[in-house]
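Working notes, beginning with the structure itself.
Numbering (my numbering), first residue to last: 769 to 973.
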């Protein structure tokens, strides 16, 4: 090194590297919003272009004069994504903005759900305000080996003597309730919901 040069003196190479570093830092700190547009709608199948998203990703469709519509990516062909809406599609227009919101389907979990009524996406339907939960779990969990499941060995008291005696239900068992219209499926389900010996009961319709 030339003794006349200072150790901190900049060089053309140093300046170029510093400029590249500043640009990369600026690009990293500035979020990039990716949006596409709605190009076609046939029935409940929507087609969008202009962005990339994986199968199962959730998107929002923004149209003038209405609330955003959530949709799930269910397929693709070349640069076109096929979406399945989960809300009312009335009012959607061509070239409506489509924005990805998350890469997978998740629902909130926690004690704040106790006593609440929610839809399939975990959104409140009872008018009691938003859910105060922090944890979320994916709807599509890991596949469990059936041989690793614990055996059904204990009975479950469902509060209905006829079922407890003649068709005993086991803890951890899956069962179906099938009958024609108007024969009391909802009444029986309500009885089991009220009288089953369990800490938490989740009812889905």
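Here a beta-carbon is modelled for each residue, glycine too, at the ideal position from N, C-alpha and C. Here the structure is a predicted model, which is why all the values come from computation and not from measurement.
Asked, Found
"Is the shortest distance between the beta-carbon of residue 860 and the beta-carbons of chain C less than 8 Å?", "Of the protein chains in the structure, only one exists, and it is not chain C."
"Counting Cβ pairs closer than 8 Å, one from the stretch 778 to 786 and one from the stretch 833 to 845, do we hit at least three?", "no"
"How should residue 930 be labelled, buried or exposed, when 16 other C-beta atoms within 10 angstroms of its C-beta is the threshold for buried?", "exposed"
"DSSP puts residue 852 in a beta bridge; with which residues?", "840"
"Please identify the residue among 886, 852, 903 whose C-alpha is closest to the C-alpha of residue 896.", "886"
"Assuming the contact rule is C-beta atoms closer than 8 Å, residue 971 and residue 964 should be a hit. Round their C-beta distance to whole Å, please.", "No, residue 971 and residue 964 are not in contact; Cβ-Cβ is about 11 Å, not under 8 Å."
"Report buried or exposed for residue 829, applying the criterion of at least 16 other Cβ atoms within 10 angstroms of its Cβ.", "buried"
"Need the endpoints of the beta strand (DSSP E) that residue 814 sits in, please.", "813 to 817"
"For a quick check, are the C-beta atoms of residue 819 and residue 833 less than 8 Å apart?", "no"
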